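A.B. asks: In the numbering used here, the protein residues as written are 21 to 326. Here a beta-carbon is modelled for each residue, glycine too, at the ideal position from N, C-alpha and C. Since this is a predicted model, take the numbers as computed values, not measurements.
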Amino acid sequence: MTELVLHHYDRSPYAEKARAMLGFKGAEWFSVKQPSIMPKPDLVALTGGYRRIPVLQIGADVFCDTGLIALELERAQPTPALFPPDLPPLAPFLSDWVDNYLFWQVAPFVTGCWADDLPDAFIEDRAAMTGGRGMTRERMKAALPHQLAQIRAVLPWVVEVLAASEYVAGTEPSYHDFALYHCLWFLGATDPGRALLAEERFQPLQRWVARIGAHGHGHPAPMVADAALEVARTAEPRPVEPFTDDPSGLQPGATVSVKPERFGTERVTGELRRVDAAGIVLAVDTERAGRVHVHLPRQGQVLMPA
21 MTELVLHHYD RSPYAEKARA MLGFKGAEWF SVKQPSIMPK PDLVALTGGY RRIPVLQIGA
81 DVFCDTGLIA LELERAQPTP ALFPPDLPPL APFLSDWVDN YLFWQVAPFV TGCWADDLPD
141 AFIEDRAAMT GGRGMTRERM KAALPHQLAQ IRAVLPWVVE VLAASEYVAG TEPSYHDFAL
201 YHCLWFLGAT DPGRALLAEE RFQPLQRWVA RIGAHGHGHP APMVADAALE VARTAEPRPV
261 EPFTDDPSGL QPGATVSVKP ERFGTERVTG ELRRVDAAGI VLAVDTERAG RVHVHLPRQG
321 QVLMPA
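1. Going straight from the alpha carbon of Phe6 to that of Phe142, what length do you get?
2. Return yes when the Cβ of Gly208 is within less than 8 angstroms of the Cβ of Leu217, no when it is not.
3. Please say whether Ala80 and His239 have beta carbons closer to each other than 8 angstroms?
4. At a cut of 8 angstroms, does the segment 315-326 reach the segment 166-180 through at least three beta carbon pairs?
5. Identify which residue in Gly190, Phe222 and Ala247 has its Cα closest to the Cα of Ile171.
6. Out of curiosity, what's the CA-to-CA distance linking Glu158 and Leu138?
7. With a CB to CB cut of under 6 angstroms and the five nearest residues on each side skipped, what residues in its chain are close to Ser56?
8. Of all the alpha helix (DSSP H) runs that stay within the bounds of the segment 29-54, which reach a length of 4 or more residues?
9. Kindly give me the distance between the Cβ atoms of Leu270 and Pro224, rounded to whole angstroms, as I take these residues to be in contact under 8 angstroms.
10. Ordered along the chain, which non-local residues of its own chain (more than five positions away) have a Cβ less than 6 angstroms from that of Ala189?
11. So, at 8 angstroms on beta carbons, what are the nonlocal neighbours of His10 in its own chain, with the 5 sequence-adjacent residues on each side left out?
12. Quick one: what does DSSP say Ser56 is sitting in, helix, strand or coil?
13. Can you name, in chain order, every residue of its own chain whose Cβ lies under 8 angstroms from the Cβ of Arg282, other than the five neighbours on each side?
14. What does Cys84 pair with, by DSSP beta-bridge criteria?
15. What's the C-alpha gap between Val288 and Val276?
16. At what residues does the alpha helix (DSSP H) containing His315 begin and finish?
17. In three-state DSSP terms, what is Ser194?
18. Could you spell out where the beta strand (DSSP E) holding Val278 opens and where it closes?
19. Can you tell which of Asp116, Ile300 and Phe103 has its C-alpha closest to the C-alpha of Asp266?
20. For Gly273, count neighbouring Cβ atoms within 10 angstroms of its own Cβ and tell me buried if that reaches 16, exposed if not.
21. Tell me which same chain residues have a C-beta within less than 6 angstroms of the C-beta of Ala135, skipping the five on either side of it?
22. In this structure, does DSSP put Phe103 in helix, strand or coil?
23. Please list, in chain order, all residues of the same chain as Cys133 whose beta carbon is under 8 angstroms from its beta carbon, the five residues on each side excluded.
24. Should Val75 go down as buried or exposed, given a rule of 16 or more other Cβ atoms within 10 Å for buried?
25. Quick one: which unbroken beta strand (DSSP E) runs of 3-plus residues sit fully inside the segment 135-159? Chain order, please.
26. Give the single residue among Trp124, Leu26 and Glu192 whose Cα lies nearest to the Cα of Cys203.
27. Compare the beta carbon distance of Ser194 and Leu122 with 8 angstroms and say whether it is the shorter of the two.
28. Determine the contact status of Glu286 and Gly46, defining contact as a CB-CB distance below 8 angstroms.
29. Which same chain residues end up closer than 6 angstroms to Phe50 when comparing Cβ atoms and leaving out the 5 residues on each side of it in sequence?
This is how it looks when you write it as structure tokens:
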């Protein structure tokens, strides 16, 4: 397998999704721990400004977003498959629902449960990512009953989905299991979340989470951030054939910026190499990592002239 470097931190649910996929693959990988809040000087030195976790680095190619990370893991090590050929056509809709609905109920519930123990800097950091919309300990705790009600309302449907087969999309795990797993893993990181999953009607979810988690995290080896930056600096980005198929009309060679559509204000600016429905590739010249190719999803990202 190609040398894999994962930039992450322990409590991140999306990092757990990536770690669990690496475990499913039985992969060997290098672990670079990054801060959970800004500043993240070593991470943005590699990504050209992208601040979210996790990031997968392969040489001088940087993959942002766990969907792209999954595809890259599949390319590097096709078996066991995250995307088997017999996946039901509706399976991606579950993953999209988790990312765009369930996660946004679970995440504020978890942080609300932790509100009294979170550092002020963490709350200020996450408030900045939402445009400064009044994120305080008091509001986080006051929202807990509503968030719990929303989670309780949808978990019976998840139980029904998993009752139909051993895994989300059949008899073997797939990407869509890990897309759901990280959300329930995060929920179970709190005492109220664990109590909810221990209720008799939700115990099938508890057992399923344990089954997915049993894949472990593969075979990580520690790496310091400076070493990861040196890996990028001494490598060449993977060749990318210039191509565009995008309503923006932006063409390869243009200097562009990409920023999240929601939850985040950071921008990555570079030379557009490729854009289509599957993703965006920017060539970014950095001071510490040299030229890197930053791979971003098209969905959920705003692409604009710089």
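C.D. replies: The structure says:
1. In the structure displayed, the chain extends from 21 to 326; residue 6 sits before or after that span and is not available.
2. yes
3. no
4. no
5. Phe222
6. 12 angstroms
7. Tyr29
8. 33-45
9. In fact, because the Cβ distance is near 47 angstroms, the residues do not count as touching under 8 angstroms.
10. Leu107, Pro108, Ala111 and His196
11. Residue numbering for the chain in the displayed model covers 21 to 326; residue 10 lies beyond these limits and cannot be assessed.
12. coil
13. Gly320
14. Val75
15. 8 angstroms
16. No alpha helix (DSSP H) contains His315, which is instead part of the beta strand (DSSP E) from Gly310 to Leu316.
17. coil
18. Thr275 to Pro280
19. Ile300
20. exposed
21. Arg157, Met160 and Lys161
22. coil
23. Leu164, Thr210, Asp211, Pro212 and Gly213
24. buried
25. none
26. Trp124
27. no
28. no
29. Val25, Ala241 and Met243
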